[in-house]
Every structure is written in C-alpha cells, then in structure tokens.
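Just so you know, the protein sequences line up as chains F and H, in that order. Each residue of the first sequence is one higher than the one before, starting from 205 at the first, in the working numbering. Each residue of the second sequence is one higher than the one before, starting from 9 at the first, in the working numbering. Don't be surprised by glycine CBs; every beta carbon is placed ideally from N, CA and C. Given the structure is predicted, the values throughout are model-derived calculations rather than measurements.
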Amino acid sequence: MTEPADIDDYTGDAADDEAVAEILPPATDPAKVPADQGDAGADQ
Amino acid sequence: MSVSGLGRPQRHVAREIITQAALLGLHHAPALHYTQGSDRWEGIAKHRVAAKGDYPRHADCSAFATWCLWNALQLRFHLGDIVNGTHWTGGYTGTMAKGGREVLHLKNVLRGDCVLYGPAPTYEHVAIIVGHQNGVPMVVSNGSESGPFLVRYDYRPDHAQIRRYI
Chain F
205 MTEPADIDDY TGDAADDEAV AEILPPATDP AKVPADQGDA GADQ
Chain H
9 MSVSGLGRPQ RHVAREIITQ AALLGLHHAP ALHYTQGSDR WEGIAKHRVA
59 AKGDYPRHAD CSAFATWCLW NALQLRFHLG DIVNGTHWTG GYTGTMAKGG
109 REVLHLKNVL RGDCVLYGPA PTYEHVAIIV GHQNGVPMVV SNGSESGPFL
159 VRYDYRPDHA QIRRYI
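Written as structure tokens, this is what we have:
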C-alpha cells in the first residue's frame, strides 16, 4: 500500500483522540535521553 | 478504507489499548530491559497482555512498538500481522516500514502511529505516538536500557516518516 493514510479515511478520529486526551506524565528532556542503541535488524 | 479495515469506533478502542500498553511499559521502565537478542519478542511470544497489567521484560524498539500494536490489532480485534507481515513472530524497523501506510502531514498524526528514525529503507529506530503535549506529538521510545522514555516525536533530528497500522 503506497497511498497515504491520513486522507479522508480517518475523518473524526482526531476528535476522538482529543476527547479522551491522556494525562501524560512529564516528558523527558531530549537532551537527557541516552543515545538509542538501534534496532536489532533482520534476523539472520 | 482504513489501513486495518477497522471502523472509527474500533479504531478509537485500538488507540486506547495501544496507548495504555505503551504507558504501561513506560511506567515499568526499570523492569523492561533493552535487548537486541532473540528474547526481544517475548512480549508477544509469552503472551504478555497489557490489559492484565503485564508487559515485556525484554524488547528493542521495534519489538516494543509491535507489542503495543499487537495488544489491540491481534488480541482485541484478531487481525493478522499488518505491522511486520511475519504472523506476529518478529520483525524490525525495515519490516515496519513496509507495513501500514505513511502519514504525510504532521497535523494528522494520531495515537498509535509510529515514527521511524534514521536512513531509509530499513531505518534504525522506531517509537510510538501516545498523544500530544502543547500540540506536539509525543512518543514512547524504547531505545536503550534506561528507557522507555516519553519524549517529543522529534527528539532525534533524523525522524524520517510516520506510519499508521490502524
């Protein structure tokens, strides 16, 4: 599937998300996030 | 048609489940160890169900994001593996980049979407959207032993694309 996912097919979903907006905990300062170690990649 | 084929009410439920799974991992960060070993898929392999308060003890970034999605797409809605295309047995950022569909516009980002980082086509990191803070999409990212972290989606300068599987 190559067509984008955010055109027409999701009308109203954003309103649904906003209606139940999570109370997220405090975010981490990006400067304090250790370097990501990467992804395991394809299994051999 | 949505990526998953789910209707709007079901997509809403799916996003809630995925968000709760990601936040469960976030809240248990000390017990969730980062690994690229074969046990990174234990969240799915050992059937750890977020709704029961269970979470993987080992995962890398893609295994954690896939586990979050699996809780909704497979456990709740019994969908096949539309994330990695491996019958929920594995995958990595490269397979996640082939599944789903791209979200082109940042303003349309929704909970449960995944942000891929690094160079195409295989990328090197992925994190999952759990909501917005001050209008900025926020992700839970499990990229190191001290994670997962809740950070803004652009905490890395190499954020490359956002994909949707719901």
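- 153, 154, 155, 157, 158, 159, 160, 162, 163 and 164: these are the residues of the region 153 to 167 of chain H whose beta carbon lies less than 9 Å from some beta carbon of chain F, given in chain order.
- The beta carbon of residue 32 (chain H) sits closer than 6 Å to those of 58 and 63, all from its chain and outside the five residues before and after it, given in chain order.
- Where residue 16 (chain H) is concerned, the enclosing alpha helix (DSSP H) starts and stops at 16 to 35.
- Under the three-state reduction of DSSP output, residue 38 (chain H) falls in the helix class.
- DSSP places residue 67 (chain H) in the strand class (E or B) of the three-state scheme.
- By the neighbour-count criterion, in which 16 or more other beta carbons inside 10 Å mark a residue as buried, residue 9 (chain H) falls on the exposed side.
- Secondary structure note for residue 50 (chain H): it is in no beta strand (DSSP E), and the uninterrupted alpha helix (DSSP H) holding it is 50 to 53.
- At least one beta carbon of chain F lies nearer than 8 Å to the beta carbon of residue 69 (chain H).
- For residue 132 (chain H), the chain F residues whose Cβ falls inside 7 Å of its Cβ are 242 and 243, in order along the chain.
- With its beta carbon at least 8 Å from every one in chain F, residue 18 (chain H) lies outside the interface.
- Unbroken alpha helix (DSSP H) runs of no fewer than 4 residues, entirely contained in the region 95 to 135 of chain H, are found at 101 to 104, following chain order.
- Taking residue 121 (chain H) as the centre and dropping the five residues before and after it, the same chain places the C-beta of 111, 137, 170 and 172 closer than 6 Å to its C-beta, in chain order.
- With the criterion set as a beta carbon lying under 8 Å from some beta carbon of chain F, the members of the region 85 to 103 of chain H are 98, 100, 101, 102 and 103, in sequence order.
- Our two residues, residue 164 (chain H) and residue 125 (chain H), have alpha carbons roughly 8 Å apart in a direct line.
- Straight across, the Cα-Cα distance linking residue 156 (chain H) with residue 65 (chain H) is about 12 Å.
- Under the DSSP assignment, residue 218 (chain F) falls in the alpha helix (DSSP H) whose first and last residues are 217 to 223.
- Following the DSSP letters along the chain, one finds residue 157 (chain H) inside the beta strand (DSSP E) bounded by residues 157 to 160.
- In this structure, the straight-line span from the alpha carbon of residue 215 (chain F) to that of residue 148 (chain H) is close to 25 Å.
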